[in-house]
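Please read the structure below before turning to the comments.
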Amino acid sequence: MAESLDIVAVVGSLRRESFTRRLVQALAAMAPASLRIEIVGIGDLPLYNQDLESAPPPAWLAFRERTRRAQGVLFATPEYNRSMPGLLKNAIDVGSRPYGKSVWSRKPAGIISASPGALGAFGANHHLRQALVFLDMPAMQQPEAYIGGVDKLLDPSDQIVNPASRQFFEQFLKSFEAWVRRHAG
Ligand code: FNR
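Under my numbering, the residues of the sequence shown are numbered 924 to 1108, in order.
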């Protein structure tokens, strides 16, 4: 069997009942053993301030260490005002510095955006994609994952109810694994 890949998931919501995080947890549970997905906490990261780099907050250091070790990154984002939440942008900024020591550089990525609305957080997805271009992260292009109606996706035991949706996510995970294997350093 192929070596199991270590994937960190960065989730852009702190809400207790976050649909986005519940979706990622469902994906982690249904992923094959060859793809281990672990959510990394971003809620305790102090807001990025370059002045703090002389003595970086321990939460920054732990986040940088964990994400640097990962072979790939799965970003999952809600949409706030047609963009990604500030929380997620802050985590991206923290990981990108100090200059020349970005944890993101050349690390393969997947993006899922989710909303109860019909547009599937398209705006957040593409703002995030724009940052990943600058960060030199190869971001999987297909299948795209704009998940609308995310509030109806999971049953109370966090299973994906609709067989077509389940099939879509199985295909997404398969493509993501292949993408990470192709691009991991
Ligand atoms: C939202 N929401 C939202 N939804 C959307 O589809 N497009 C948007 O631009 C916005 N804007 C927005 C701004 C702010 C400040 C909040 C709090 C919410 C609604 C959002 O999709 C909804 O609250 C989701 O449930 C958030 O994701 P989690 O927390 O369930 O993962």
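All C-beta atoms, glycine included, are put in the ideal place defined by N, C-alpha and C. Given the structure is predicted, the values throughout are model-derived calculations rather than measurements.
Contact test: residue i Cβ vs ligand 1 heavy atom, cutoff 7 Å
i, result
"G1040", "yes"
"Y1003", "yes"
"S1080", "no"
"S941", "yes"
"A949", "no"
"R1029", "no"
"S957", "no"
"A1044", "yes"
"R944", "yes"
"R1089", "no"
"S927", "no"
"R938", "yes"
Sub-8 Å separation of residue i and residue j beta-carbons
i, j, result
"G1023", "F986", "no"
"L970", "N1013", "yes"
"G995", "V1084", "no"
"L928", "E1100", "yes"
"P1079", "A1047", "no"
"A949", "L1077", "yes"
"A954", "L1096", "yes"
Reference residue i, options the options, closest by Cα
i, options, result
"S1036", "R944, I1083 and A951", "R944"
"V963", "G935, I1083 and Y1003", "G935"
"M1063", "H1049, G1072 and D1074", "H1049"
"S931", "Q973, N972 and I1015", "The residue you asked about is not Ser; residue 931 is Val in the sequence shown. Closest option to V931, Cα to Cα, is I1015."
"W1027", "Y1003, Q973 and T990", "T990"
Buried or exposed (CB count within 10 angstroms, at least 16 for buried), residue i
i, result
"S1025", "buried"
"K1030", "buried"
"S977", "exposed"
"L937", "exposed"
"V1056", "exposed"
"A1087", "exposed"
"L1051", "buried"
"L968", "buried"
Inter-residue CB distance, residue i and residue j (contact presumed, cutoff 8 Å)
i, j, result
"A1032", "M1060", "5 Å"
"Y1069", "G1040", "The Cβ separation is near 10 Å, so there is no contact."
"I960", "L997", "6 Å"
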